[in-house]
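What follows is a short report on a single structure.
Protein chains: 6
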Amino acid sequence: MFLPQKVLEEKMLAFLKEDVGLGDITTSILISPHETVKAKVVARENGVVAGIREASTLLKALGLKVKARVSDGEEVHKATVLLEIRGNAQTLLTAERTLLNILSRMSGIATKTKRLVEKLKKAGFTTKVTSTRKTAPGLAYFDKKAVETGGGDTHRLHLDDMILIKDNHITIIGNITKAVKKTRKTVSFSKKIEVEVSTVKEAVEAAKAGADIVMLDNFSPEQAKKAVKTLEKEGLREKVLIEASGGITENNIIKYASTGVDIISLGELTHSPKSLDISLQITKIGT
Amino acid sequence: MFLPQKVLEEKMLAFLKEDVGLGDITTSILISPHETVKAKVVARENGVVAGIREASTLLKALGLKVKARVSDGEEVHKATVLLEIRGNAQTLLTAERTLLNILSRMSGIATKTKRLVEKLKKAGFTTKVTSTRKTAPGLAYFDKKAVETGGGDTHRLHLDDMILIKDNHITIIGNITKAVKKTRKTVSFSKKIEVEVSTVKEAVEAAKAGADIVMLDNFSPEQAKKAVKTLEKEGLREKVLIEASGGITENNIIKYASTGVDIISLGELTHSPKSLDISLQITKIGT
Amino acid sequence: MFLPQKVLEEKMLAFLKEDVGLGDITTSILISPHETVKAKVVARENGVVAGIREASTLLKALGLKVKARVSDGEEVHKATVLLEIRGNAQTLLTAERTLLNILSRMSGIATKTKRLVEKLKKAGFTTKVTSTRKTAPGLAYFDKKAVETGGGDTHRLHLDDMILIKDNHITIIGNITKAVKKTRKTVSFSKKIEVEVSTVKEAVEAAKAGADIVMLDNFSPEQAKKAVKTLEKEGLREKVLIEASGGITENNIIKYASTGVDIISLGELTHSPKSLDISLQITKIGT
Amino acid sequence: MFLPQKVLEEKMLAFLKEDVGLGDITTSILISPHETVKAKVVARENGVVAGIREASTLLKALGLKVKARVSDGEEVHKATVLLEIRGNAQTLLTAERTLLNILSRMSGIATKTKRLVEKLKKAGFTTKVTSTRKTAPGLAYFDKKAVETGGGDTHRLHLDDMILIKDNHITIIGNITKAVKKTRKTVSFSKKIEVEVSTVKEAVEAAKAGADIVMLDNFSPEQAKKAVKTLEKEGLREKVLIEASGGITENNIIKYASTGVDIISLGELTHSPKSLDISLQITKIGT
Amino acid sequence: MFLPQKVLEEKMLAFLKEDVGLGDITTSILISPHETVKAKVVARENGVVAGIREASTLLKALGLKVKARVSDGEEVHKATVLLEIRGNAQTLLTAERTLLNILSRMSGIATKTKRLVEKLKKAGFTTKVTSTRKTAPGLAYFDKKAVETGGGDTHRLHLDDMILIKDNHITIIGNITKAVKKTRKTVSFSKKIEVEVSTVKEAVEAAKAGADIVMLDNFSPEQAKKAVKTLEKEGLREKVLIEASGGITENNIIKYASTGVDIISLGELTHSPKSLDISLQITKIGT
Amino acid sequence: MFLPQKVLEEKMLAFLKEDVGLGDITTSILISPHETVKAKVVARENGVVAGIREASTLLKALGLKVKARVSDGEEVHKATVLLEIRGNAQTLLTAERTLLNILSRMSGIATKTKRLVEKLKKAGFTTKVTSTRKTAPGLAYFDKKAVETGGGDTHRLHLDDMILIKDNHITIIGNITKAVKKTRKTVSFSKKIEVEVSTVKEAVEAAKAGADIVMLDNFSPEQAKKAVKTLEKEGLREKVLIEASGGITENNIIKYASTGVDIISLGELTHSPKSLDISLQITKIGT
């Protein structure tokens, strides 16, 4: 997910504008327009950093000099310096909170993602860890990018980039086979087709109908294992990717990986992230 | 925080647009443009609901009929129906995720806020629980509204509505007294002045200088208690509100309340919320 | 590609705003604010209509009543009535050109697409006809939707929905195998990988490396046939879709289809469309 | 039509944003953020170039260095280098298609316009060739600018800059004389008044009523000649400009010019342009 | 200047959004969401009303019922009811100030314009009173519309709708004749050419060169009279419109009209308007 | 009120875009793209300058060099040079009017504000002079900033930054005491509460109920004095700030100050400003 800096800049400035309102009244009164400072952005706890490019883009757009001391995806520790900043004091103080909010959120998401990815890796699994569309509204780019930075898979980005036939679609269409076949006939060759299923039988039906990916929705690890086995038995295992989704957490993720699924998705990666604690400190006045 | 529905509508549609991209390709292929459905939005766990007006506004803007079965701030349980919806199937399926994302986030924030507010109340405290500006970028309205719905205080909304002199401002100005006096001289009569302090001595200095609110930043409960006592001793207690901020969690909030502060603020209310699990189910096809 | 009407409305209104400037000065002077009219939108030549939903959305957003007499994708003839409209005269006259511009462009694209699709079908081919990203800037939704309406394939919608490794990427990476393998390792499971190749040898290399789709760029029909045959010989034919692209026109499309490729893409479908002639006539004054 | 570069930049970036979606996933995976390239934009067929300033504005906004090797309005040939570009590889590859789409469209429009203008000039006519408001929706600036670059006349830019009384206005008002007189009485002194007529008699009526310009709508060359003659006979020729419009093509344009009209307008200049084939080639990696 | 209501609505809502910020906190706390009211908008001084359509559009967009009791351009008196409104109390109270600000400004402009127009009319002149581009930034539509409502001429709306060669252009080009001839050769037939002159000699030069309108910039009434006479003597009077501009006020406008100019423009109509005093009163609670 | 330059830039460019339309046709034809100029912005009458930062931000955003010769809030005289500008001639000429419109409006507002502030100061009063929300729609930032520059108080910026209980709120709630108490119970600790009253008795009621500020609405100086005295007598004077509002002008402001109120607000500061006359002169061609 590469956005040209100028395009990213606009997104970052939109956040700042919301926070500033008609102007920062504290900074306006207290700080001289000609005052310059040096500052650093520092981690206050261990984690995986994300958002370095996003934060730097905001700072540069505002005319501040910024030097990144770490790269996206790097592990940082309490007191690790992430960015060194230099420039107009009013501008930096006004942008401080917006800057930290995006860095903290993205780093929090990357930290959790990386922890899960590493957990699976250490246990010997190659299963993919992936996010869902349960992002904060308006923050799809940032949440997905943070997952990617943490080593996760972005999954579908929006409603136009993959077919995902969900329970409510099937309720209306009537059955999985019909839904998959109708889709296959019409859909662009450039898209994959994923189908959400709720029983082992449906998983087989979806695979037979020609789905590229079968999503086991809210299966217990036992059910998921049975689904994988059954697909193998039916000679369908090689034809589909299998995703486990729903009710999966850091605690039971190994159990799900053990079932043999290819992909494990967790909504909580983006809908309930824990921010990484990051702060900004002025280190020198006048530069 | 009242936004006219038409103004709110625009915010909600912006979220939807991001998620839709050039169009929902699944719904487009599978669902007939003339298909109508009935559906319900249902809580899948206990909590406090928020975002009912926001969700309804989106649905109405899209031409769907909606009937709220609960009100913002109400406690809901697993299986409680929040909304009943009726209308065009394609439209509802395309909007489903945006709808649930905003409801789940707002309800998650309200649930946590309410829990803390109740905890203090049960323990006999009238201390205010308040959020900070550590919201998700772009979501200030929604995050603050959810805190309000949960019984919390919104605190400063953006940089133009209260003076908050923070550590970095003081670093540049040199001392608290000078900062407060300079501000008081210039600031509009319509604004309050809050000062962030890091020692008991500074708390006294801020109060003497004329701050309306003193924020004890990262004080231990013991330090906070000492600050309150010292302000009392100095005859300054009645002149200021006292806010404790930094490092406060559900576990230690009672300790902080016991110190006698007026306000307790927690960044995690909005920067690390846990979404409430809410889903949408189609209940009838053709209406 | 389904966009909720409210989202589509905003796109249509943006076009109108550009055209109106500070206001329609002719209509303002000549037409009474209370005047109402009936009108019809009529084809002035044969073709396939597209944009009925888009046009209707604009009219409804403006408070006009509209009744579609044909459906998207339908063949129309000189004098076929497409829409019947009723309502405020000033509003309709101000919107007339914007309305016709979108209908004429979309119908022109659909007409050409349908002609090519039918040509292949009649000649017994099931080859897909597809557009490219060579749309008019800002009109991706409308151009792609028109291609879809004409029975074509939309191909990639924007840069985030499929991997397409082009000549310039390969120039930088050095070779196709490396490019495909690097991509496969990192890319989300939800995306397909297409590779643009310029020789038969490269086509084989791309297929072996694991591409999902191989795009034969600027191949003559003979070269394309050779590519297909070679992939068959190598046992790779079933593993990939083959797209022919570059220099394909209405005149030589049958030759390309005869080569056995799966997909034929034509930039001219959207970069050089011929508008369908459509006009608006007022049929009754006062309604 | 001069737009300050910063204003133009915003328009160009809007096109890019639509095309990028949440990010270019191919470039993101394959190209290092630190990679730089040299590239050239090359014509692949003969024509008149337009959009050099627009394309350069986009590239500069993205932080790329660009050197224009030709000027707007210049004739180019197969292999003529239009632009030389240097800078970040990811950024250039992501912007490539947007860049080429605008250059190709504008150059295609300028090429056709210039061909018609030259055709008339060679035949000894000074008749103006002009576009209409039948532009691609949202692209009025670009389409009109391209016509201007090709030596054509932009005609009315939007609904606020000239009075154009069309058939549908007259249908409502009842007659031409009344419409023109009512308009003249109210309209700003800064505007001209043009009237669309469908018979020679109406042309005379419009001129007598005080129109500045008479538009002969869908007149055959013979009818147009008769209209010109009649206006001369009535002593009205010097008082009005005469525009022929409707059904005019490259094939019959000389016939229309021979009628003595002042202006010939063609909708197809902008509603059915043929793009000029232009491509981008990377010429050096690392700069 | 006719804007479709939906287009106008967006402009009005933008004003409201700026004023509301994250929400009306007073109304939110004090007024029940279900409370409805009746209210009236009342003039508190004599004047000419403008902005009735704009105000009504805002109210309707917000879901309020509105009944206009006067029409744009009508003379109103202290206590004249302009609008009757009915609907949701929170919404109306939140929109009150935005509503009154636009009505007061537009009515103030219309009132002054009408007074000048009437003054000239009573003195027997047909000279046009016109505004300039000295509007409040961002309010061109509203300021020009108000002038039009007061019986004035809008003059040029923006930089694309008439040629106006000003002193600074001439400084660069060198002389008026060259500037006019160069413009006439290139400009679209649809545009008029106006030239700003600072001496009688220049006025003659501009007229001879082919200007459509000559603007006498900062001429005293005596100089203006001399310019008119000289143009008559030179046989140029019929070929041009003459505009007097600069330093003209309510006090000296009759003197300028007496010089025989066709048009008198006054920047102060829009850059220094006096608002008309208008207020909103709630007349009934519960409706 | 400090806005980062990049945020301010966007506001300024929006004004320019409105004025430019599809392009400046005069400058486009007359001025070469390579022409450069030096110019100065000059006051044509005495006053207090405001908007220097806003104007400079626009010019810099457009790539022009600018040197401010005076600072915001400084008194200037006829012929004082405010800005020296250097750069591309087309760009400067296109931006001239937008530049001057913002400078003239802001300086006009600052001039009037300063005059009133000085008048009070000279008469020995420390009463604050403040604006209201009666700004030009969309120009709140600019109007409030100009008041601040003139030494005035901005008052409430939008509906989210202070509680202001007005007549219409009280009409609905029933009485002042109830309204204030209800508000105090719910409102964020960060906000002040102001109440509009229309009698001395209400002023006392508001102060007793706990208002922070009491606004005497449309009181005569005598009534205002009585209100102040009564509040003193009741021992409430120290608990509230007192604002006089309504019907106050330059002529009677001293009388109001003499009553002992703390704050005097005047809507006319922003709803009926008189622009300061400022012009731009090109001083050198080629730089």
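Residue numbers (this note's numbering), protein chains in the order written: chain A, 1 to 287; chain B, 1001 to 1287; chain C, 2001 to 2287; chain D, 3001 to 3287; chain E, 4001 to 4287; chain F, 5001 to 5287.
Even glycine gets a Cβ: it sits at the ideal position worked out from N, Cα and C.
#1: Taking any Cβ of chain I, which residues in the stretch 137–149 of chain A have a Cβ under 8 Å from it, in chain order?
#2: Quick check: the Cα distance between E:T4177 and E:I4193, rounded to an integer number of angstroms?
#3: Could you list which residues in chain E have their beta carbon closer than 7 Å to that of D:N3188, in chain order?
#4: Which residues in chain A have a C-beta closer than 8 Å to the C-beta of B:D1160? List them in chain order.
#5: Quick one: what's B:P1281 bridged to in DSSP?
#6: In the DSSP assignment, find the unbroken alpha helix (DSSP H) run with A:I176 in it and report its ends.
#7: Short of 7 Å Cβ to Cβ, which residues in the stretch 2057–2072 of chain C face chain E?
#8: Touching or not, the stretch 3111–3118 of chain D and the stretch 3140–3157 of chain D, by the rule of three or more beta carbon pairs under 8 Å?
#9: For a quick check, are the C-beta atoms of B:S1107 and B:L1276 less than 8 Å apart?
#10: Which first and last residues belong to the alpha helix (DSSP H) in which D:M3012 is found?
#11: Would you decide whether F:H5077 is buried or exposed? Buried here means 16 or more other CB atoms lie within 10 Å of its CB.
#12: Is B:N1101 buried or exposed, if buried means 16 or more other CB atoms sit within 10 Å of its CB?
#13: What are the boundary residues of the alpha helix (DSSP H) that includes E:R4105?
#14: Over what stretch of residues does the alpha helix (DSSP H) that includes E:T4249 continue unbroken?
#15: For F:S5104, count neighbouring C-beta atoms within 10 Å of its own C-beta (all shown protein chains included) and say buried if the count is 16 or more, exposed if not.
#16: Using the beta-carbon count (16 or more within 10 Å), is F:A5224 buried or exposed?
#17: Can you check whether the C-beta of B:T1130 is within less than 8 Å of a C-beta belonging to chain C?
#18: Excluding five sequence neighbours on each side, which residues of the same chain lie with their C-beta closer than 7 Å to the C-beta of F:V5037?
#19: Which runs of the beta strand (DSSP E) at least 3 residues long sit entirely within the stretch 5125–5161 of chain F? Give them in chain order.
#20: Please list the segments of the beta strand (DSSP E) lying wholly inside the stretch 2191–2244 of chain C, counting only runs of 3 or more residues, in order along the chain.
#21: Which first and last residues belong to the alpha helix (DSSP H) in which E:L4059 is found?
#22: Name the one or two DSSP bridge partners that B:V1048 has.
#23: Less than 6 Å between C-beta atoms, sequence neighbours within five positions excluded: which residues of the same chain meet that for A:A110?
#24: Taking beta-carbon pairs under 8 Å, can you tell me which members of the stretch 4201–4235 of chain E lie near chain D?
#25: Give a yes or no on whether the C-beta atoms belonging to E:I4278 and E:R4044 are separated by under 8 Å.
#26: When we look at the beta-carbon of C:G2124 and count the other beta-carbons within 10 Å, is it buried (16 or more) or exposed?
#27: So which of F:S5198, F:R5053, F:A5257 has the shortest CA-CA distance to F:D5167?
#28: Is the stretch 1238–1248 of chain B touching the stretch 1209–1216 of chain B, taking contact as three or more C-beta pairs under 8 Å?
#29: Checking contacts by CB at 8 Å: is C:A2043 closer than that to chain D?
#30: In three-state terms, what does DSSP make of E:K4274?
#31: Among B:I1029, B:E1010, B:F1015, whose alpha-carbon lies nearest the alpha-carbon of A:R184?
#32: Out of E:L4082, E:L4059, E:K4274, state which residue places its alpha-carbon closest to the alpha-carbon of E:A4095.
#33: Rounded to the nearest angstrom, how far is the Cβ of C:K2134 from that of B:L1022, given a contact under 8 Å?
#34: Measure the beta-carbon distance from A:V204 to A:L236 and round it to whole angstroms, keeping in mind my assumption that it falls under 8 Å.
#35: Please name the residues in the stretch 86–119 of chain A whose beta-carbon is closer than 7 Å to at least one beta-carbon of chain F, in chain order.
#36: Classify F:L5266 as helix, strand or coil using the three-state DSSP reduction.
Quick answer:
#1: Note that chain I does not occur in the displayed structure, where the protein chains are A, B, C, D, E and F.
#2: 12 Å
#3: Contrary to the premise, residue 3188 of chain D reads as Ser rather than Asn in this sequence. Chain E residues near D:S3188: D4153, T4154, H4155.
#4: Per Cβ cutoff of 8 Å: V20, G21, L22, G23, D24, I25.
#5: Going by the sequence as given, residue 1281 of chain B is Gln instead of Pro. The partner list for B:Q1281 (beta bridge, DSSP) reads B:K1040.
#6: Taken as a continuous stretch (DSSP letters only), the alpha helix (DSSP H) holding A:I176 covers 176–186.
#7: So the close ones are A2061, L2062, G2063.
#8: yes
#9: yes
#10: 3005–3020
#11: exposed
#12: Result: buried.
#13: 4089–4122
#14: Segment: none, E:T4249 is in no alpha helix (DSSP H) and carries neither H nor E.
#15: buried
#16: buried
#17: no
#18: A5089, L5092, I5282, K5284, I5285, T5287
#19: 5128–5130
#20: 2193–2197, 2213–2217
#21: 4052–4061
#22: B:E1075
#23: V48, A50, A146, T149, G150
#24: I4213
#25: yes
#26: exposed
#27: Nearest C-alpha to F:D5167 among F:S5198, F:R5053, F:A5257: F:S5198.
#28: yes
#29: no
#30: coil
#31: B:I1029
#32: For E:A4095, the nearest C-alpha among the options comes from E:L4059.
#33: Rounded, the Cβ-Cβ distance is 16 Å, inconsistent with contact.
#34: 7 Å
#35: Q90, T91, T94, A95
#36: F:L5266: coil per DSSP, three-state reduction.
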